[in-house]
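Colleague:
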Amino acid sequence: MSDKNAPDGFETFKQFSTWHSNVKSLMEHASGERRQRDILRGIEDDWSRMIDTTADLIRRTHRGTGLQQNDLIAVTVLRNVAREHGKQPQQLTSGMIHGWMKKSSQSQKAAMRGAASTLNKLHKLKDQLDESLLPPPIAEIPMVTDRRITPKLPETIADDISECEDDLRRGEAYGGLLEGLRKPGRSESTVKNAREAAQWFFSCMAELDLLDLSSNPNTESFANLSCIQAAYDAEVAGDFYWKPLAKTTVRKNLEGTFRFLRRFNPDLKIAQRAFFEGAYFQGWDDMTEANQEFCRRLVKSDARKLKFFSLARLFHQKAAPMIGRYHDLPHNQQAQAVNWAAAAAAASVLTFLPLRADTLVNLSVEGKDAHVFLPTGKKSVEFAIPPELVKNNRRIKTSIQRRGTTDPRKILDWWLDEARPVLMTRLQNPDPALLLGGAGYAKLNKAWRFSTASVDLYMNLHQVRHAIASILWNEPGTELNVIAALLGDQPATVARKYAFFDDETHIERGMAGMSAVNAALEKGVRK
367 MSDKNAPDGF ETFKQFSTWH SNVKSLMEHA SGERRQRDIL RGIEDDWSRM
417 IDTTADLIRR THRGTGLQQN DLIAVTVLRN VAREHGKQPQ QLTSGMIHGW
467 MKKSSQSQKA AMRGAASTLN KLHKLKDQLD ESLLPPPIAE IPMVTDRRIT
517 PKLPETIADD ISECEDDLRR GEAYGGLLEG LRKPGRSEST VKNAREAAQW
567 FFSCMAELDL LDLSSNPNTE SFANLSCIQA AYDAEVAGDF YWKPLAKTTV
617 RKNLEGTFRF LRRFNPDLKI AQRAFFEGAY FQGWDDMTEA NQEFCRRLVK
667 SDARKLKFFS LARLFHQKAA PMIGRYHDLP HNQQAQAVNW AAAAAAASVL
717 TFLPLRADTL VNLSVEGKDA HVFLPTGKKS VEFAIPPELV KNNRRIKTSI
767 QRRGTTDPRK ILDWWLDEAR PVLMTRLQNP DPALLLGGAG YAKLNKAWRF
817 STASVDLYMN LHQVRHAIAS ILWNEPGTEL NVIAALLGDQ PATVARKYAF
867 FDDETHIERG MAGMSAVNAA LEKGVRK
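With the working numbering, letter number 153 in the sequence shown gets 519, and the count goes up by one each step, no holes.
#1: Checking 7 Å against the spacing of the C-beta atoms, do MET467 and LYS475 come in under that value?
#2: When you compare the stretch 574-584 with the stretch 636-646, are there three or more beta-carbon pairs, one atom per stretch, that lie closer than 8 Å?
#3: With a CB to CB cut of under 8 Å and the five nearest residues on each side skipped, what residues in its chain are close to SER765?
#4: Output yes or no for whether 7 Å exceeds the beta carbon distance between VAL738 and VAL731.
#5: Taking the C-alpha atoms as reference points, what is the distance between GLY622 and ARG628?
#6: Measure the C-alpha to C-alpha separation of ALA785 and ALA678 and round it to an integer number of angstroms.
#7: Output yes or no for whether 7 Å exceeds the beta carbon distance between SER460 and ALA524.
#8: Tell me whether GLU352 sits in a helix, a strand or coil according to DSSP, three-state version.
#9: I need the DSSP call for THR725, collapsed to helix, strand or coil.
#10: Is the stretch 807-826 touching the stretch 712-726, taking contact as three or more C-beta pairs under 8 Å?
#11: Note down, in chain order, each residue of its chain lying with its Cβ closer than 8 Å to the Cβ of TRP413, except the 5 sequence neighbours on either side.
#12: Looking only at C-alpha atoms, which of PRO687, GLY480 and PRO508 sits nearest to VAL443?
#13: Kindly identify the DSSP beta-bridge partner or partners of GLU748.
#14: Going along the chain, which residues of its own chain have a beta-carbon closer than 8 Å to the beta-carbon of ILE762, five neighbours each way excluded?
#15: Tell me whether SER528 sits in a helix, a strand or coil according to DSSP, three-state version.
#16: Cα-Cα, which of ALA858, TRP781 and ALA603 is closest to LEU800?
#17: Taking the beta carbon of TYR824 as the centre, do at least 16 other beta carbons fall within 10 Å, making it buried, or is it exposed?
#18: How long is the line joining the alpha carbons of ASN600 and LEU499, rounded to whole angstroms?
#19: So what does DSSP say about THR442, is it helix, strand or coil?
#20: Which first and last residues belong to the alpha helix (DSSP H) in which HIS464 is found?
#21: Pairing CB atoms from the stretch 677-695 with CB atoms from the stretch 814-830, are three or more of them under 8 Å?
#22: Which one or two residues does DSSP pair with THR772 in a beta bridge?
#23: Could you pull the start and end residues of the alpha helix (DSSP H) that LYS684 belongs to?
#24: Considering just the uninterrupted stretch of the alpha helix (DSSP H) at ASP422, what are its terminal residues?
#25: With a threshold of 6 Å (Cβ to nearest heavy atom), would THR378 be considered close to the ligand COA?
#26: Mind the definition here: the stretch 529-537 touches the stretch 584-594 only if three or more C-beta pairs lie below 8 Å; say whether that holds.
#27: Using three-state DSSP, classify SER730 as helix, strand or coil.
Here it is as structure tokens:
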């Protein structure tokens with residue numbers, strides 16, 4: 367279910383999802399789980415009395431209550447979970463809800479957190495409902511996540527990480543005969559990767575009780591192979607609270623960790639070489655199975671390839687009418703409209719110019735050093751992206767324009783005039799200078815996954831580059847150097863990591879080619 371792709375026997379993911387839901391419903395009926403849930407929903411208890419009173423408050427729309435229908439829905443979700451555990455509202459605590467959230471879906475987690483906030487609001491309305499129905503004020507519920515959250519690191523370590531970032535930006539200093547000179551500065555994406563690798567390592571140290579966050583140790587004390595090995599072993603074993611990282615991400619984080627810690631222990635360079643010769647890392651940089659499978663399905667279907675190249679238009683068609691009446695939409699449809707709009711803007715760039723997503727979110731449209739231009743009197747979108755924003759330090763100067771029925775200029779004009787202002791009202795730190803208004807990678811990737819799933823072409827942002835490389839490489843006459851230039855990477859890297867080559871189809875073409883040559887030869891000999 368997680369990758370939104372249709373298994374064998376189903377034409378679309380929607381068909382599979384419907385079948386899956388029907389089977390799940392059947393199993394719930396057969397096991398009696400559904401009947402038990404229905405019985406719980408229909409009983410009269412303190413939950414039902416409190417919810418009836420709250421619903422009445424919302425219906426009467428008392429000014430100043432701050433309550434909306436969504437709040438009632440959230441409380442209903444919490445009620446269902448609490449009843450399953452035999453708890454009435456007066457018994458609720460922050461720790462109890464936190465425990466339930468650990469075993470819940472993302473939507474249930476959000477609802478229960480919102481319900482706790484609503485119950486606290488109800489304390490201010492004591493004169494309008496029975497206070498005995500409410501729990502004591504619920505304390506802040508700790509974060510429940512399967513993603514790593516970097517703790518506040520000790521000052522010395524945090525300063526050393528910042529210093530490493532600064533050195534990467536301006537270029538690391540050479541040693542030996544070249545002392546006094548610096549390497550070329552690295553791109554912001556490289557700096558970000560280095561920071562995240564160091565943060566991952568010290569998060570591991572804290573979780574393994576090897577780093578006391580209340581102390582201020584020297585970073586040098588962690589610059590040894592035993593600490594790196596401990597972080598690696600626990601990560602691969604899945605011992606941390608966060609979701610185990612993909613194999614390639616583990617490698618990337620470890621490479622960044624070695625790079626950072628070599629600043630304090632240069633001898634780690636020798637250990638690093640031996641460390642990565644282990645069996646775990648063999649073949650790590652080939653295309654992942656998930657990316658290969660996605661590209662295989664894509665290149666074998668002309669309809670899917672056309673849909674991919676038309677994503678910007680498809681998303682724009684869904685988003686435009688909804689953005690036009692945004693303030694009249696219910697809350698969930700407002701979120702959908704913004705997701706489709708953001709995905710339309712992203713697709714208008716990425717399916718024409720396959721930048722990395724972390725480059726896209728940093729492109730500016732305002733100021734003297736803007737990166738994106740929509741010149742008056744032209745139908746094109748122009749780009750002037752400096753090397754520091756591109757991973758391989760390559761300058762990009764190009765333009766894109768209408769391709770078939772998809773017009774990126776028209777969509778980006780609409781985005782900037784109508785849709786982006788709506789998105790920015792939903793951001794904590796909007797930035798009008800940026801093309802995407804300050805939306806970060808996580809928000810954009812979420813919008814992209816939702817939008818591509820809605821047109822039965824589920825994919826993440828990174829797979830855009832895989833898709834373009836694979837489609838082009840499987841077209842007769844396309845040179846790998848051309849694809850590499852388009853992606854801003856090396857040909858060998860594109861062949862190894864990005865492009866899926868459809869051997870089966872090309873073998874068939876080879877067979878057909880030999881038959882054609884043979885037929886031509888026979889015809890010539892007979893003459």
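Note that the Cβ used here is the ideal one computed from N, Cα and C, for glycine as well.
Just so we're clear, the structure is a prediction, and the values are computed from it rather than from any experiment.
Modeller: Looking at the coordinates:
#1: With respect to the 7 Å criterion, MET467 and LYS475 are classified as neighbours on the basis of their beta carbons.
#2: Not touching, per the Cβ criterion.
#3: Cβ within range, chain order: SER746, VAL747, GLU748 and PHE749.
#4: In this structure, VAL731 lies closer than 7 Å to VAL738 by Cβ.
#5: Counting only the Cα atoms, ARG628 lies some 10 Å from GLY622.
#6: The alpha-carbon atoms of ALA785 and ALA678 are separated by roughly 14 Å.
#7: The beta carbons of SER460 and ALA524 sit no closer together than 7 Å.
#8: Nothing about residue 352 can be reported from this structure: the residues present for the chain run from 367 to 893 only.
#9: In the structure shown, THR725 sits in a helix (DSSP, three-state: H, G or I).
#10: Using a C-beta cut-off of 8 Å, the stretch 807-826 makes contact with the stretch 712-726, since at least three inter-stretch Cβ pairs fall below that distance.
#11: Cβ neighbours of TRP413 beyond the five flanking positions: ARG445, ALA448, ARG449, GLN454 and PRO455.
#12: If we check each option's Cα against that of VAL443, GLY480 comes out closest.
#13: Answer is PHE739 and SER765, bridged to GLU748.
#14: Shown here for ILE762: same chain residues with a beta carbon closer than 8 Å to its own, the five before and five after excluded, namely LEU719, LEU721, PHE749, ALA750, ILE751, VAL756 and GLY854 in chain order.
#15: Correct three-state label for SER528: helix.
#16: LEU800 has its Cα closest to that of TRP781, out of ALA858, TRP781 and ALA603.
#17: Residue environment analysis places TYR824 among the buried positions, since at least 16 neighbouring C-beta atoms fall within 10 angstroms of its C-beta.
#18: According to the sequence shown, residue 600 is Ala rather than Asn. For ALA600 and LEU499, the distance between alpha carbons rounds to 46 Å.
#19: Helix.
#20: Where HIS464 is concerned, the enclosing alpha helix (DSSP H) stretches over 460-467.
#21: Contact holds: three or more Cβ-Cβ distances are below 8 Å.
#22: Per DSSP, ARG769.
#23: Per DSSP, LYS684 belongs to the alpha helix (DSSP H) from 677-690.
#24: Counting along the chain, the alpha helix (DSSP H) containing ASP422 begins and ends at 412-425.
#25: Among the ligands in the structure shown, none appear at all, so the ligand COA cannot be discussed.
#26: No contact exists between the stretch 529-537 and the stretch 584-594.
#27: Annotated three-state conformation of SER730 is strand, per DSSP.
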